[in-house]
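Below is one structure, written out as structure tokens; comments come after it.
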Amino acid sequence: MSALSLRNIEKSFGGNAILKGVSLDAEPGEFIALVGPSGCGKSTLLRILAGLETADSGTITVGDQDLTKLQAAARNVAMVFQSYALYPHLTAAQNIAVPLVMRRLTRAQRLPLLGPLMPGQRQAIADIKRDVRDMAVSLKIDHLLDRKPGQMSGGQRQRVALGRAMVRRPAVFLMDEPLSNLDANLRVHARGEIVEMHRRAGVPTVYVTHDQAEALSMADRVAVMIGGSLLQLAAPAVIYDDPQHVEVAKFVGQPRINLISQQVAADGTVGLGEARCGLSRIDVAVGSEVTLGIRPEFVSVSREGRGLPALVERVEFLGSEIIVYSRLEQSGDTMIAKLTPAEGAGLSTGKRIHLAAAPERLFVFAEDGRRLRSTSLIDSDVRELAYG
Amino acid sequence: MTSNGFTPARVARLAVLSFGALVFLAPYIFMISTAGKAQSDIFTSSLSLIPQQWFFFENFAKAWSRVSMTTLLFNGVLVCLLILVFQVVVAIPCAYAMAKLKFRAARAMMVLVMLGLLVPIHATALPLYVAFDRVGALNSYVALVAPFTISVFGIFLFLQFFRSMPDDLIHAARLDGMSEIGIIARVIVPNAWPAITAFAIFSVVAHWNDLYWPLIVVSNQAYATPPLGLLYFRAAEAGDDYGALMAATLIITFPLVAAFLLAQKRFVEGITMTGLKG
Chain A
1 MSALSLRNIE KSFGGNAILK GVSLDAEPGE FIALVGPSGC GKSTLLRILA
51 GLETADSGTI TVGDQDLTKL QAAARNVAMV FQSYALYPHL TAAQNIAVPL
101 VMRRLTRAQR LPLLGPLMPG QRQAIADIKR DVRDMAVSLK IDHLLDRKPG
151 QMSGGQRQRV ALGRAMVRRP AVFLMDEPLS NLDANLRVHA RGEIVEMHRR
201 AGVPTVYVTH DQAEALSMAD RVAVMIGGSL LQLAAPAVIY DDPQHVEVAK
251 FVGQPRINLI SQQVAADGTV GLGEARCGLS RIDVAVGSEV TLGIRPEFVS
301 VSREGRGLPA LVERVEFLGS EIIVYSRLEQ SGDTMIAKLT PAEGAGLSTG
351 KRIHLAAAPE RLFVFAEDGR RLRSTSLIDS DVRELAYG
Chain B
1 MTSNGFTPAR VARLAVLSFG ALVFLAPYIF MISTAGKAQS DIFTSSLSLI
51 PQQWFFFENF AKAWSRVSMT TLLFNGVLVC LLILVFQVVV AIPCAYAMAK
101 LKFRAARAMM VLVMLGLLVP IHATALPLYV AFDRVGALNS YVALVAPFTI
151 SVFGIFLFLQ FFRSMPDDLI HAARLDGMSE IGIIARVIVP NAWPAITAFA
201 IFSVVAHWND LYWPLIVVSN QAYATPPLGL LYFRAAEAGD DYGALMAATL
251 IITFPLVAAF LLAQKRFVEG ITMTGLKG
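Below, the structure written as structure tokens:
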């Protein structure tokens, strides 16, 4: 049994389908990053999971409990918001204590003036104070406990928000772009902290982000959502090296993957110069349009000799690597190559170069975006293999 | 901007403002002056601000003893306080629901609030009077307070304020385990003090100074509010004793003036806020 399971979640707003039947399972203690361009429905999915929105159809289960019909307050789900959503009138300590106060104290014990007269209230308050302090110490914010959110920096607020979410030991932990309001340096630092904190808490976590670097670096598995559908859910390396959909390949990877439209040749192959792939004729007919993808780091550049001739349009020097944008002379497609400084030395705009691709690194996608099975072929004399 | 030094433009501006202030203050100043004059002093043909004989004490003593000033002030405070409390208790949950909850009648309610803003008390006064008469509630605090417990202006003001509160704050509160009532009590109200203060100022000023409605429903002095008491005082007690009348007026306007001077900054903030948002 999975710790968290979403089945066929659908949601539309005013006739616009935002979520088109999304299913997702998380193992106990798993960190899942939900990534996609803005407007793809990832935040809506998270809100449905939290109980802040209701799905049109589909079910949500946590452990063996069906949450679908439960109110947000009744689900044991915690969330960190992009804006942190700390209560501005309460100190950090009071903010962190809120979920405990709401859960551990009875309605009568929470009353102002009368509350302290209720039996057990004093003990419960003392326990809450202790837990808040422990949480603050573990997040290294114990010196901030008396400050209000207005007196804290973005990074400090973010930690208080984490503390408030973690302190009640939720069954599921949700984060909605919690790092996007931090500056770049702090963001990288905070990534590590969140992963570390997640490891300690061991609670299944769904982390929404539009930043692929965050998703790939933090998550156990990455779920790529585009246009309301979950296109692929897999480990970061698999998402990158083995994308199952052209949109996944396009979304993940910096600089962007090279995509070239081609028709399947009569021998059932497609390819770039000498790097060719054989396709199964069950999947695709000869002459039909497919998209060829190759990541920039698997495009090699030589000054003369073999390979497709191309003209350099732009060279970006990034220190440890050089990005070369060039235009293929035959087809006019733009190709991006990622080179080491040694390989890229001396390249400049207007130079003529030759491009070659690693055939085993070619991806072929059908017209509808699905990945097609393909076999890499190096030499033209084994072409028969494909349609043989 | 010229922050220091008296440039001609600044002098001109200050002169215009000072003149305006003087025009608005003149009746009040004259009232203070009259409250200190003897009867003979008031009806002299010459006009002077400084009383010839110092009659303040006598006039105030008369004002205080001839009419039960404490009852008037107590009624004023009680009525204003009750109205304010009910208005806030009704308007805040209503505005919260309209601003942050999704429900079908929200649009219709918005239209009703707008309509409510357009209908003045004078239009509904007669039916209300008849209704209070039928239930025998004339001459009571109920008659003074009840028509004002639902303030569409208050709902509108809070609605505008709550709309600007981030949705995430309310979402966070729901996830933290709060009920909707809990959210209002623990999140909305503590963060709505600027709006509540602004509304309180409007409400208290309007109802403390209101003569129209008390005049309609109250004929028994025991329930008279300050402006109404003043009216009785003029007719029954003071006659043409303007010195005492002005002294009484001074006593009645004093609480608001004092409140304004003490909370001047809040006052201005509140009015500018409603000016921008209401």
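Those protein sequences? They're chains A and B, same order as listed.
Read left to right, the first sequence gives residues 1 to 388 (the UniProt record's numbering).
Read left to right, the second sequence gives residues 1 to 278 (the UniProt record's numbering).
All residues carry an ideal CB built from backbone N, CA and C; glycine is no exception.
In this text, all values refer to a predicted model and were calculated from it rather than measured experimentally.
Worksheet item: the segment 78 to 98 of chain A: which residues have C-beta closer than 7 Å to a C-beta of chain B, in chain order?
Response: Ala78, Met79, Phe81, Ser83, Ala85, Tyr87, Pro88, His89, Val98
Discussion item. On the CB-based measure, 16 or more other CB atoms within 10 Å of its CB, does A/Ala215 come out buried or exposed?
Written reply: Walking along the first sequence from the start, residue 215 of chain A turns up at place 215. That one is buried.
Fill in: Sequence-distant residues of its chain with Cβ nearer than 7 Å to B/Phe110 (five each side left out)
As a first step, residue 110 of chain B must be located in the second sequence, where it is residue number 110. The sequence shown places Met at residue 110 of chain B, not Phe. For B/Met110, where only same-chain residues beyond five positions count, the Cβ hits under 7 Å are Met98.
Practice prompt. Just confirm the distance between the C-beta atoms of A/Met218 and A/Arg200, as a whole number of angstroms; I'd bet it's less than 8 Å.
Written response: One-based indexing of the first sequence puts residue 218 of chain A at position 218. One-based indexing of the first sequence puts residue 200 of chain A at position 200. Their Cβ separation, rounded to whole angstroms, is 15 Å, which puts A/Met218 and A/Arg200 out of contact at 8 Å.
Item to complete: With A/Tyr240 as the anchor, note down where its beta strand (DSSP E) starts and where it stops.
Response: By 1-based counting over the first sequence, the position of residue 240 of chain A is 240. Counting along the chain, A/Tyr240 falls outside any beta strand (DSSP E), though it belongs to the alpha helix (DSSP H) covering 236 to 241.
Worksheet item: When DSSP labels each residue in this structure, what does A/Cys277 get in the three-state scheme?
Response: Taking the first residue of the first sequence as 1, we reach residue 277 of chain A at position 277. Residue state, collapsed to three classes: strand.
Worksheet entry | Sequence ranges, alpha helix (DSSP H) only - wholly within the segment 169 to 206 of chain A, length at least 4 | 184 to 201
Worksheet item: Within 10 angstroms of its Cβ, does A/Glu177 collect 16 or more other Cβ (buried), or is it exposed?
Response: Sequence index remark: in the first sequence, residue 177 of chain A carries index 177 (1-based). Buried, because 16 or more other Cβ atoms sit within 10 Å of the Cβ of A/Glu177.
Worksheet item: Assuming A/His210 and A/Gly36 make a contact with CB atoms under 8 Å, what is their CB distance in whole Å?
Response: In the first sequence, residue 210 of chain A corresponds to position 210, counting from 1. In the first sequence, residue 36 of chain A corresponds to position 36, counting from 1. The pair is a contact, with the Cβ atoms about 7 Å apart (cut-off 8 Å).
Practice prompt. Report yes or no: do the segment 254 to 267 of chain A and the segment 289 to 301 of chain A share at least 3 C-beta pairs separated by less than 8 Å?
Written response: yes
Worksheet item: Can you tell me the Cα-Cα spacing of B/Leu262 and A/Arg130, whole angstroms?
Response: By 1-based counting over the second sequence, the position of residue 262 of chain B is 262. By 1-based counting over the first sequence, the position of residue 130 of chain A is 130. Computed Cα separation, rounded: 42 Å.
Practice prompt. Give the interface partners of A/Ala234 over in chain B, defined as CB-CB distance under 8 Å, in chain order.
Written response: Residue mapping note: residue 234 of chain A aligns to position 234 of the first sequence, counting from 1. Near A/Ala234 there are no residues of chain B at all, since even the closest Cβ is about 29 Å away, more than 8 Å.
Discussion item. Taking DSSP's pairing of strands, which residues face B/Phe56 in a bridge?
Written reply: Here residue 56 of chain B is taken as the residue at index 56 of the second sequence, counted from 1. According to DSSP, B/Phe56 bridges with nothing at all.
Discussion item. Classify A/Ile294: buried if its beta carbon has 16 or more other beta carbons within 10 angstroms, exposed otherwise.
Written reply: Mapped onto the first sequence, residue 294 of chain A falls at position 294. The residue is buried, with at least 16 neighbouring Cβ atoms inside 10 Å.
Worksheet item: When you check each C-beta in the segment 35 to 59 of chain A against every C-beta of chain C, which residues fall closer than 9 Å?
Response: Among the chains of the structure shown, chain C does not appear; the protein chains present are A and B.
Worksheet item: Does the segment 56 to 67 of chain A touch the segment 128 to 140 of chain B, meaning 3 or more C-beta pairs lie closer than 8 Å?
Response: no
Item to complete: Determine the DSSP secondary structure at B/Asp168, reduced to helix, strand or coil.
Response: Here residue 168 of chain B corresponds to residue number 168 of the second sequence, with the count starting at 1. DSSP places B/Asp168 in helix when its eight states are reduced to three.
Worksheet item: So is B/Arg104 buried or exposed if we call it buried at 16+ other beta carbons inside 10 Å?
Response: Here the question's residue 104 of chain B lines up with position 104 in the second sequence. Burial call: exposed.
Item to complete: Answer with buried or exposed for B/Phe254, where buried requires no fewer than 16 other C-beta atoms within 10 angstroms of its C-beta.
Response: Numbered from 1 along the second sequence, position 254 holds the residue referred to as residue 254 of chain B. Classification for B/Phe254: exposed.
Worksheet item: Is the Cβ of A/Met102 closer than 8 Å to any Cβ of chain B?
Response: Translated into the one-based positions of the first sequence, residue 102 of chain A becomes position 102. Taking Cβ atoms only, chain B reaches closer than 8 Å to A/Met102, which makes this a yes.
Discussion item. Using the three-state DSSP reduction, which class does A/Lys20 fall into: helix, strand or coil?
Written reply: Here residue 20 of chain A refers to the residue found at position 20 of the first sequence. A/Lys20 falls in the strand class under three-state DSSP.
Fill in: Rounded straight-line distance, which links the Cα of A/Ala17 to that of A/Glu10
As a first step, residue 10 of chain A must be located in the first sequence, where it is residue number 10. As a first step, residue 17 of chain A must be located in the first sequence, where it is residue number 17. Spanning the two alpha carbons is a distance of roughly 8 Å.
Discussion item. So, for A/Ala266: in the same chain, excluding its five sequence neighbours on each side, which residues have a beta-carbon less than 6 Å away from its beta-carbon?
Written reply: One-based indexing of the first sequence puts residue 266 of chain A at position 266. These residues qualify, in order along the chain: Val286.
Discussion item. Here's the rule: buried if 16 or more other CB atoms are within 10 angstroms of the residue's CB, otherwise exposed. What is A/Asp381?
Written reply: As a position in the first sequence, residue 381 of chain A is number 381, starting the count at 1. Residue placement at A/Asp381 is poorly supported in this model, since its pLDDT is 43, which falls under 50; the coordinates are not used for a value here.
Worksheet item: Going along the chain, which unbroken runs of the beta strand (DSSP E) with 3 or more residues stay wholly within the segment 128 to 167 of chain A?
Response: none
Item to complete: List the residues that DSSP assigns as beta-bridge partners of A/Ala93.
Response: Indexing the first sequence from 1 puts residue 93 of chain A at position 93. DSSP lists no partner for A/Ala93.
Fill in: 6 Å Cβ shell around A/Phe365 - same chain, five flanking residues per side excluded
As a first step, residue 365 of chain A is located in the first sequence; it is residue number 365 there, counting from the start. Excluding sequence neighbours, A/Phe365 sits near Val246, Thr291, Arg371.
Fill in: Cβ shell of B/Val218 (< 8 Å), same chain only, five flanking positions each side left out
What you label residue 218 of chain B is simply residue 218 of the second sequence in a count that begins at 1. Leu138, Asn139, Ala143, Leu144, Ala224, Thr225, Leu228, listed in sequence order.
Discussion item. Distance cutoff 8 Å, beta carbons only. Does residue 282 of chain B sit that close to anything in chain A?
Written reply: Residue 282 of chain B is absent from the structure shown; chain B starts at 1 and stops at 278.
Worksheet item: If you compare alpha carbons, which of A/Ile141, A/Phe173, A/Arg169 is closest to A/Gln158?
Response: Residue 158 of chain A sits at position 158 when you count from the first residue of the first sequence. A/Gln158 has its Cα closest to that of A/Ile141, out of A/Ile141, A/Phe173, A/Arg169.
Worksheet item: On the three-pair Cβ rule with 8 Å, is the segment 37 to 54 of chain A touching the segment 151 to 161 of chain B?
Response: no
Fill in: Segments of 3+ residues assigned as beta strand (DSSP E) that fall wholly inside the segment 280 to 310 of chain A
289 to 294, 299 to 302
Item to complete: Classify A/Glu30 as helix, strand or coil using the three-state DSSP reduction.
Response: By 1-based counting over the first sequence, the position of residue 30 of chain A is 30. Note: A/Glu30 maps to coil in three-state DSSP.
Discussion item. Alpha carbons only, please: which of A/Gln109, A/Gly39, A/Arg147 is nearest the one belonging to A/Gly120?
Written reply: Here the question's residue 120 of chain A lines up with position 120 in the first sequence. Selected option, being the one with the closest Cα: A/Gln109.
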